[in-house]
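Inspection log for the structure reproduced underneath, given as structure tokens.
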Amino acid sequence: MKFMVCPKCGIANFYIKNKRGDRLNVKVTRELNIVLQDKTQKLEGYNLDIIHCLGCSWSGTVNKLKKYLI
595 MKFMVCPKCG IANFYIKNKR GDRLNVKVTR ELNIVLQDKT QKLEGYNLDI IHCLGCSWSG
655 TVNKLKKYLI
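Encoded structure:
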């Protein structure tokens with residue numbers, strides 16, 4: 595599968611947060627769909643509007659990611 599990467603550091607690993615600050619590790623497909631790393635968890639209650647990079651300090655929307663093949 596092909597994933598989007600961080601525009602700042604170029605990795606494809608991100609996380610999303612809920613109101614309590616809990617994190618879920620995710621990736622973003624080329625079709626801009628958020629995919630959970632751990633398939634046993636659920637996206638319910640998490641803010642899907644802002645994603646955060648696991649490799650650097652970047653955060654933003656999925657539309658700001660770069661299209662690189664990983």
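Going by the working numbering, the first residue of the sequence shown is number 595, and it counts up by one from there.
In this text, a Cβ means the ideal position worked out from N, Cα and C, and glycines have one as well.
On a predicted model such as this, the values are computed, not experimentally measured, just so you know.
Check	Outcome
So does Gly615 have its beta carbon nearer than 7 Å to some heavy atom of the ligand GDP?	Ligands are entirely absent from the displayed structure, and the ligand GDP is therefore not among its contents.
DSSP three-state label for Leu658, please.	Residue 658 is actually Lys in this sequence, not Leu. Reduced to three states, the DSSP call for Lys658 is helix.
Taking the beta strand (DSSP E) that Phe608 belongs to, which residues open and close that run?	608-611
Can you list, in chain order, the residues of its chain whose CB lies under 8 Å from that of Val622, leaving out five sequence neighbours each side?	Phe597, Met598, Ala606, Phe608, Ile628, Val629, Ile645, Val656, Leu659
Using the Cα positions of Pro601 and Trp652, report the straight-line distance between them to the nearest angstrom.	8 Å
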